[in-house]
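Each residue of the sequence shown is one higher than the last, beginning at 436 in this note's numbering.
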Amino acid sequence: MKEDRVSITALLTTYARAYHATHDTPKIFDDFLAGQFLSEKERAWFGVKLVEALPLFNPELGASHPDPTTALAWMMKNRNAPTTISRARYAEDALVAAINSGVQQYILLGAGMDTFAFRRPEMMKRLAVFEVDHPATQAFKRKRLAELQWELPPRLHFIPVDLAKDSLVAALQRSPHDPLQASFVSWLGVTYYLTRDAVLNGDLPFHSAPQVCSFSQTSNSPLPGGFCSYPCLCFRSSLLIARRCNRRTWSRTSVSPLIWHRGSNCSNT
Ligand SMILES: C[S@@+](CC[C@H](N)C(=O)[O-])C[C@H]1O[C@@H](n2cnc3c(N)ncnc32)[C@H](O)[C@@H]1O
């Protein structure tokens, strides 16, 4: 991501959650607040860009010049939404299970425009939330929150950290986070922006599966509406990482054993 600008992919995942909440049936993750983070102009821009990308992913449909609504629906259902929506649903299901077993702290690494703290007020009575993100993305989010005039829950804490170079542990120490209490950590869609060294050898809480979450539970239950089960999600994530391996140090073959090692078998999907 660019040093001084909001992460475009954080806005793109917000667009996916907003689109799913307003267009899909059944809904597997109803982020009814996501759309409010995007201006009309941003929503229109993502719509145009996604439609323009259709021929790259479906040359046949692209060549038939479908109307923009059809083109966008194909892109969302097949390219943009499944991974984002599935991982969000999985993470929040696992989070709720963790809360019910006594966990009272939730750390989101690379939180983007996550709306949990506003969408689940009943959970905020039982939980302190620590949103960690790159300073530029977090500044954008806080500006949008101020424009929306949403009341900030008292137990929501913003922690600006560049995970590529800053110490997460030091940043958490400066916050009300209690290192002696258990925390649920989600880390969705972030590790492929970091080097292998930053992920494995930095002070990130790497008891978690790369780019998924700090849970060791694997769910094989299918989700409705063509969305993925967790093992399938891991598999897709590792493929995505592998596609970037020319630029990064990840590869398909190096990621799978890592995910397996952390408790999620991704090779059987
Ligand atoms: C694809 S978005 C995912 C956002 C959110 N987790 C989601 O699933 O919608 C990637 C996130 O990683 C964050 N990110 C990328 N590089 C980062 C870095 N060096 N330090 C901290 N956050 C970073 C971006 O700011 C952005 O919020």
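For glycine and all other residues, C-beta sits at the position ideal for the given N, C-alpha and C.
Every value quoted in this text rests on a predicted model; they were computed, and no experiment measured them.
| Asked | Found |
| --- | --- |
| Reference ARG560; option with closest CA among LEU473, PHE551, ILE594, LEU583 | One detail in the question is off: residue 560 reads as Lys in this sequence, not Arg. Checked all of LEU473, PHE551, ILE594, LEU583; the closest Cα to LYS560 is PHE551. |
| Helix, strand or coil at GLU487 according to DSSP, with G and I counted as helix | helix |
| Cross-strand partners of LEU543 (DSSP beta bridge) | GLU566, SER621 |
| Collapsed DSSP secondary structure at HIS455 in the structure displayed | helix |
| Per-residue burial, THR461 [other beta carbons within 10 Å of its own, 16 or more giving buried] | Contrary to the premise, residue 461 reads as Pro rather than Thr in this sequence. PRO461 is exposed by the Cβ-count criterion. |
| Those residues which DSSP pairs with PRO614 across a bridge | PRO614 pairs with nothing; no bridge assigned. |
| Host beta strand (DSSP E) of ILE463 (start-end) | Element bounds for ILE463: n/a, residue is neither H nor E. |
| Contact under 7 Å by Cβ, PRO570 with PRO611 | no |
| Nearest-angstrom Cα separation, counted from TYR541 out to THR630 | 24 Å |
| C-alpha distance - VAL625 paired with GLY545, whole-angstrom precision | 6 Å |
| DSSP bridge partner residues for PHE593 (one or two, in chain order) | GLU566 |
| PHE511 - DSSP class collapsed to helix/strand/coil | Strictly speaking, residue 511 in this sequence is Met, with Phe absent from that position. Correct three-state label for MET511: helix. |
| Length of the line joining the Cα atoms of HIS592 and HIS500 | 47 Å |
| Sequence-distant residues of its chain with Cβ nearer than 8 Å to LEU473 (five each side left out) | LEU446, THR449, TYR450, ALA453, PHE481 |
| GLY547: CB within 6 Å of a non-hydrogen atom of ligand 1 | yes |
| THR448 beta carbon near ligand 1 (any heavy atom closer than 6 Å) | yes |
| Boundaries of the alpha helix (DSSP H) in which ASN535 is found, first to last residue | 516 to 535 |
| Test item: CB-CB of ALA617 and VAL564 under 7 Å | no |
| Distance cut-off 6 Å: ALA526 Cβ against heavy atoms of ligand 1 | no |
| Any non-hydrogen atom of ligand 1 closer than 6 Å to TYR454 Cβ | no |
| Close beta carbons around TRP509, own chain, < 7 Å, minus the five adjacent residues each side | LEU489, ASN493, LEU496 |
| Among ALA633, PHE467, PHE619, TYR628, nearest to GLU527 - alpha-carbon criterion | PHE619 |
| Inter-residue spacing [alpha-carbon to alpha-carbon] between LEU530 and GLN573 | 22 Å |
| Span of the alpha helix (DSSP H), counted from its first residue to its last, around ARG440 | No alpha helix (DSSP H) holds ARG440; DSSP gives it neither H nor E. |
| Neighbour-count burial assignment, THR518, 16 or more Cβ in a 10 Å radius | buried |
| Distance cut-off 6 Å: VAL531 Cβ against heavy atoms of ligand 1 | no |
| LYS576 and MET548 closer than 7 Å at C-beta | yes |
| DSSP-derived helix/strand/coil call for MET548 | coil |
| 7 Å Cβ cutoff met for VAL486 and LEU507 | yes |
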